[in-house]
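Scroll down for the structure; my scribbles are underneath it.
Protein chains: 2
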Amino acid sequence: MPLDPSRTVAELKELRELTGDENGAQRVAWTETWETARAWLRDKLSAVGAREQIDEAGNQWFTLAGESDRAVLIGGHIDSVPNGGWLDGALNVVAGAEVLRRIAEEGVPPVTIRVVNWADEEGARFGRSLFGSSAAAGSMRDQDQLRQLADAEGTSLPVALAEYGVDLERALDSRGQLESAAAYLELHIEQGPVLESLDLPLGVVLGTFGVERHRITWRGQAAHAGSTPMAVRRDALAGAAKLALEIREIAEQTGAGAVCTSGGVACKPGIVTSVVETAEQLLDQRHLDASMLASMLQAAKQASTRFAEEERLGVEWETIWSIEPILFDETLIDLCEEAITDVAGTCHRLPSGPLHDAAEVSRSGIPTVMLFVQSLRGLSHTKLEDTKEEHLELAVTALDRLTTKTIGWVASGGDPM
Amino acid sequence: MPLDPSRTVAELKELRELTGDENGAQRVAWTETWETARAWLRDKLSAVGAREQIDEAGNQWFTLAGESDRAVLIGGHIDSVPNGGWLDGALNVVAGAEVLRRIAEEGVPPVTIRVVNWADEEGARFGRSLFGSSAAAGSMRDQDQLRQLADAEGTSLPVALAEYGVDLERALDSRGQLESAAAYLELHIEQGPVLESLDLPLGVVLGTFGVERHRITWRGQAAHAGSTPMAVRRDALAGAAKLALEIREIAEQTGAGAVCTSGGVACKPGIVTSVVETAEQLLDQRHLDASMLASMLQAAKQASTRFAEEERLGVEWETIWSIEPILFDETLIDLCEEAITDVAGTCHRLPSGPLHDAAEVSRSGIPTVMLFVQSLRGLSHTKLEDTKEEHLELAVTALDRLTTKTIGWVASGGDPM
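Chains A and B supply the protein sequences, listed in that same order. In terms of the numbering used here, the first sequence opens at residue 1 and continues consecutively. In terms of the numbering used here, the second sequence opens at residue 418 and continues consecutively.
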């Protein structure tokens, strides 16, 4: 049976019916609905002859043995956020299943082909995203924190995992799954507006942004809004306001896809009759180039020092979280660009703002690439998330072409393993 | 016995001992400590021969009958906020008591002299300030709301008032107290830094600021901090940030004591990974001149429209509260300036940012003036509130001089009654 991209669209709709409601997708990891989705995927692939396995971190693997043990991996995640979209994560595994079927139909492939459905990419129930992929990649180093996590009802993460056969203390044993991996491919909706604005269906992803996430505290002096002349005020909001505007200049001057966001300012005392004494400001900066990201952070810090002097404020920085940029494999980027150009006539190279399981796999040293398909209005994590069906079909075809090219590359020993 | 300003300082310290603790003054209206303070004041004036009366709104009056029923009033409030300062309100009544003693000593004055201790200026327990003075002035028109007010323990305002002999339904009957009033004088600490910055002990107050208090809601679009290019964002925080900075320019261009304050910005969703969708901004603008205040408001609204266009945001204005400027009596301002200059050698004219009982009295048509004494560091509503003792004594002397001048003016029929 040749590749049938329309079947992928039909199956995604079937999955939506089975695991969604009027509010959207409900495939939250470590819930019955998620288990229903995993069983559905198992059923879809039962006739293919691929061996199913749930590893120590709860990742679901389908392995089609090839002439070589060296494996080409196609990954995604069937879990969703609550009231989520029908495509985020699920597209990858359902498209991967279609590619696996096509390859199985043609006989034993030269290398092993594996589809992986990563466990709990979203972290929706316990707030810890990329669970399964970080375990398999060996980068999960927060077991002490994971043991303490609980959901909104107070159920602890270890207890919830145990209900699905996963022992947190053994999750890192899933590292064995990546030992034979020679390449990792992931298709995902863009979750942003870039491809739509360029009127392009598909793009090749260069890597995931490095992120600098900080909390900036401005300290001034509370003072009566009526009796305090303007000239003697020390207004913490003024520092935050200047920085909220300045980071946009910093992003523009940096260019090359740079983004800077101030997600909010919390003011104390925060009443209409007082000058703001303390303003806590959130800052998120992202770039694909580590040195440019460092420059953006430095520019923001320098600006904050300047504004603190101008406004006679104290200013303190506290790191919330940071991660370096993760660049995908250059050869696979080229192969992916070829595949997309074959299918769509043109291809755009773009970074990924959000993190993905592919970032964890790439960090572990396995040659990795992602391809993005256009998201309508850039919406995701909502039932409004959507992609044109013609674009979904093009995406399945492109993933199939990329898989074929990657098999050839791995079979010829072109990868660095 | 001649005027003894040092006695006022000593009595204020005595009152602090009696009604304060390590956290500051605790003379919250409609509490036992407040009642203790009222009884203390009664005791202090018992030998003067002034008739004491508690009116229908709980205001405490001490009347020294003169040759004429026409009365010069000296007002203040002995109530404080919780953990308040020793001077805010109490200075006025204790200094007024000293002036009353000095006048009584000299025989029957040509006009009647009355000291009034207004009930619940601060509104600390029920959130409704200027209770007693607004009742006596006849401007209390919120009885329906007052009936619904309750304190933090759930005790309703009418029940609390009844414990101190006040029937809310009859509070407006206290209007009779002002029928014979020919002038109203009030001494208060500045509660701001202006006199201290000018190195002056005393100033005459021109009136209380008009206030425009508004909530401004900026509406943009939530968007992923990683996947949304800068150019397509609609960031509600950008509108709020621009206006927070612009109102300072508006105040500066307006001049003449103009103040503009943005007391806070509340951001939604307010998370580090999202562009701000909604920003609710607080704005407070004050000026002594009604037309300038209106211009400042118009300038802020025009700026907000411009920023909304620049940032592709929605913007909505909602009035929280507003009050027109209340200008004090020009003749009394002149008399007060003379009295201060006599005592301190120089006098500064300044507006009052905060409201005071004097504003209620002035609104009712009675010639009114206030004098301010320097506040150290501009602090008030805290136990750190303080004024140099030499300045307190100068203030008592100036109030005494002003009272004498006002008695002469009223006795000569110079007032417009």
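Yeah, the Cβ is synthetic: ideal placement off N, Cα and C, and Gly gets one too.
Residues sharing a beta bridge with residue i, DSSP
i: B/Tyr601; result: B/Leu490, B/Thr785
i: B/Glu629; result: B/Gln702, B/Ser739
i: A/Val494; result: Any answer about residue 494 of chain A is impossible in this case: the structure gives chain A only from 1 up to 417.
i: A/Gly49; result: BP columns for A/Gly49 are empty, so no partner.
i: A/Ala279; result: A/Trp218, A/Cys267
i: B/Asp438; result: B/Gly441
i: B/Val583; result: Paired residues: none, contrary to the question.
i: A/Cys347; result: A/Cys347 pairs with nothing; no bridge assigned.
i: A/Ser352; result: A/Thr208
i: B/Ser485; result: B/Val528
i: B/Ser573; result: B/Ala567
i: A/Ile189; result: A/Val373
i: B/Val732; result: B/Trp635
i: B/His641; result: B/Ser691
CA nearest to the CA of residue i, picked from the options
i: B/Leu838; options: B/Trp826, B/Ala815, B/Ser546, B/Thr820; result: The structure shown does not extend to residue 838 of chain B, since chain B is modelled only from 418 through 834, so no value can be given for it.
i: A/Thr404; options: A/Arg128, A/Arg102, A/Gly263; result: A/Arg102
i: A/Ile326; options: A/Gly75, A/Ala300, A/Val205, A/Leu371; result: A/Val205
i: B/Arg424; options: B/Ala512, B/Ala474, B/Gly437; result: B/Ala512
i: B/Gly544; options: B/Leu566, B/Ala683, B/Gly437, B/Ala554; result: B/Leu566
i: B/Glu824; options: B/Gly687, B/Tyr581, B/Arg531, B/Ile737; result: In the sequence as displayed, the identity of residue 824 of chain B is Ile instead of Glu. It is B/Arg531 whose Cα lies nearest to the Cα of B/Ile824.
i: A/Arg175; options: A/Ala136, A/Ile250, A/Pro2, A/Leu371; result: A/Ala136
i: A/Leu245; options: B/Ala653, B/Arg665, B/Ile667, B/Glu666; result: B/Ala653
i: B/Ser829; options: B/Glu484, B/Ser546, B/Arg468, B/Ala427; result: B/Glu484
i: B/Leu793; options: B/Glu807, B/Val786, B/Ile783; result: B/Glu807
i: B/Phe479; options: B/Asp505, B/Thr436, B/Leu660, B/Ala514; result: B/Ala514
i: A/Val9; options: A/Leu87, A/Trp30, A/Ser180; result: A/Leu87
i: B/Glu694; options: B/Leu585, B/His494, B/Glu728; result: B/Glu728
i: A/Thr155; options: A/Trp40, A/Trp30, A/Lys44, A/Pro354; result: A/Trp30
i: B/Phe703; options: B/Pro499, B/Asn534, B/Ser739; result: What sits at residue 703 of chain B in the sequence shown is Arg, not Phe. When only C-alpha atoms are compared, the closest one is B/Ser739.
i: A/Leu41; options: A/Val72, A/Asp79, A/Tyr184, A/Phe328; result: A/Asp79
i: A/Glu337; options: A/Ile366, A/Leu402, A/Val315; result: A/Leu402
i: B/Arg564; options: B/Ala579, B/Ser556, B/Gly555, B/Ser550; result: B/Ala579
i: B/Asp616; options: B/Gln791, B/Val778, B/Trp826, B/Glu666; result: B/Gln791
i: A/Glu196; options: B/Asp559, B/Pro646, B/Leu429, B/Ser721; result: B/Pro646
i: A/Val166; options: A/Glu153, A/Gly107, A/Arg233, A/Gln53; result: A/Gln53
i: A/Lys268; options: A/Ala231, A/Ala222, A/Gly226, A/Val232; result: A/Ala222
i: B/Ile737; options: B/Ala756, B/Glu697, B/Gly770, B/Ser721; result: B/Glu697
i: A/Trp409; options: A/Val111, A/Leu91, A/Glu11, A/Leu12; result: A/Val111
i: A/Gly138; options: A/Asp400, A/Ser380, A/Glu360, A/Pro367; result: A/Glu360
Presumed contact (8 Å Cβ cut-off) between residue i and residue j, rounded CB distance
i: A/Ala344; j: A/Leu394; result: 6 Å
i: A/Glu385; j: A/Gly85; result: 3 Å
i: A/Ala182; j: A/Arg70; result: 4 Å
i: B/Ala716; j: B/Gly656; result: Between B/Gly656 and B/Ala716 the Cβ distance is about 16 Å, and since that is not below 8 Å, they are no contact.
i: B/Gly609; j: B/Gly795; result: 5 Å
i: B/Leu700; j: B/Phe626; result: Actually they are not in contact, since the Cβ atoms of B/Leu700 and B/Phe626 sit about 14 Å apart, beyond 8 Å.
i: B/Glu629; j: B/Leu714; result: 5 Å
i: B/Leu809; j: B/Phe789; result: B/Leu809 to B/Phe789, Cβ: 12 Å. No contact.
i: B/Gly441; j: B/Thr799; result: 7 Å
i: B/Val541; j: B/Pro499; result: Here residue 541 of chain B turns out to be Ala, not Val, going by the sequence shown. Indeed they touch by this definition, with Cβ atoms about 6 Å apart.
i: B/Leu604; j: B/Leu517; result: Between B/Leu517 and B/Leu604 the Cβ distance is about 13 Å, and since that is not below 8 Å, they are no contact.
i: B/Ala467; j: B/Leu490; result: The Cβ separation is near 13 Å, so there is no contact.
i: B/Ala454; j: B/Leu432; result: 6 Å
i: B/Tyr581; j: B/Ala775; result: Their Cβ separation, rounded to whole angstroms, is 24 Å, which puts B/Tyr581 and B/Ala775 out of contact at 8 Å.
i: B/Glu538; j: B/Ser550; result: 7 Å
Cβ-heavy atom distance, residue i to the ligand MG, below 7 Å
i: B/Ala474; result: Among the components of this structure there are no ligands whatsoever, and the ligand MG is therefore not found.
Residue-chain proximity (residue i, chain C), Cβ-Cβ < 8 Å
i: B/Arg780; result: The structure shown contains no chain C; its protein chains are A and B.
| Counting only runs that start and end within the segment 507-556 of chain B, where is the beta strand (DSSP E) found for 3 or more residues in a row? | 528-534
Check whether the segment 339-356 of chain A and the segment 631-639 of chain B touch, using three or more Cβ-Cβ pairs below 8 Å as the test.
no
- Starting from the N-terminal side, write out each stretch of the alpha helix (DSSP H) that is 4 residues or longer and does not extend beyond the segment 441-465 of chain B. 449-461
Counting Cβ pairs, one atom from each stretch, are 3 or more of them under 8 Å apart for the segment 704-714 of chain B and the segment 664-671 of chain B? yes
**Report entry** Meets three-Cβ-pair contact criterion under 8 Å: the segment 681-689 of chain B and the segment 260-272 of chain A
**Finding:** yes
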